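Here is the structure we will look at, set down as structure tokens.
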Amino acid sequence: MCGVCDRIQLIKEGRNPYFVKELETGYVVLGDHQRFQGYTVFLCKEHAAELHFLEKEFKNRFLQEMALTAEAVYRAFGPDKLNYELLGSGNFTHMHWHFYPRTFGDTPSPGPVWKLPVEELYNDKYLPGDETLFLMKEKLNEELEKLLAQQD
1 MCGVCDRIQL IKEGRNPYFV KELETGYVVL GDHQRFQGYT VFLCKEHAAE
51 LHFLEKEFKN RFLQEMALTA EAVYRAFGPD KLNYELLGSG NFTHMHWHFY
101 PRTFGDTPSP GPVWKLPVEE LYNDKYLPGD ETLFLMKEKL NEELEKLLAQ
151 QD
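All residue numbers for the sequence shown refer to the UniProt record's numbering, where the first residue is 1 and numbers rise by one.
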């Protein structure tokens, strides 16, 4: 089974505590581990491994919503720089965008988040508590709503 599809199924069942908002082409969720405050993922509704596998209209809308999600993350969490990544391997080839709000000096040396040891990036001390998670989701959803309203 696909790890991203599993997470989407939890959203559909109302059991994904990191779920923020459903958009036309995907789901906005906060990352489980918040080593980078505001780390967000945009899960594609289509089970596809590559952008060029998507139908043209869906792909264009998916990219528009990816950019909208990134802007909302930027507005909500105020980073110095926002890193975007479209990754996938193993059980997670299903397309999903990662947005990492970065601040100067947030890692021991400059570079991508993946330079950090796995034990640091996914340390349980970065799992947000219920109140923090609620506030982060509320803040991000507010920015998404503002941007969506501007499109109408």
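Glycine included, C-beta positions come from ideal geometry on N, C-alpha and C. Just so you know, these numbers come straight off a predicted model, no measurement behind them.
Three-way DSSP call (helix, strand, coil) for residue i in this model
i: K12; result: helix
i: E22; result: strand
i: Y126; result: helix
i: L116; result: coil
Residue closest to residue i, alpha-carbon to alpha-carbon, out of the options
i: Y39; options: E142, P128, L147; result: P128
i: E138; options: K45, R75, D106; result: R75
i: L68; options: D80, E55, W97, F53; result: W97
i: residue 159; options: L135, R61, L63; result: The structure shown does not extend to residue 159, since the chain spans only 1 to 152, so no value can be given for it.
i: Y100; options: F19, E13, L54, V73; result: V73
i: C5; options: A49, F36, K21; result: A49
i: R7; options: T25, Q37, K45; result: K45
i: Y84; options: N123, G90, N91, E71; result: E71
i: Q37; options: R61, L140, K56, L148; result: L140
i: T132; options: Q9, P79, P17; result: P17
Exposure of residue i, with buried meaning 16 or more beta-carbon neighbours within 10 Å
i: P117; result: exposed
i: M1; result: exposed
i: R15; result: exposed
i: F104; result: exposed
i: E145; result: exposed
i: E65; result: buried
i: Q151; result: exposed
i: F53; result: exposed
Whole-Å CB distance - residue i paired with residue j, under 8 Å assumed
i: L51; j: V29; result: L51 to V29, Cβ: 20 Å. No contact.
i: V20; j: G31; result: The Cβ separation is near 11 Å, so there is no contact.
i: residue 179; j: H47; result: This structure leaves residue 179 out entirely; the chain is present only between 1 and 152.
Original post:
Which residue spans inside the stretch 83-114 form an unbroken beta strand (DSSP E) run of at least 3?
Top reply: 96-102
Original post:
Fully enclosed by the stretch 33-88, which alpha helix (DSSP H) runs are 4 residues long or longer?
Top reply: Taking 4 residues as the minimum length, the alpha helix (DSSP H) runs contained wholly in the stretch 33-88 are 56-77, in order along the chain.
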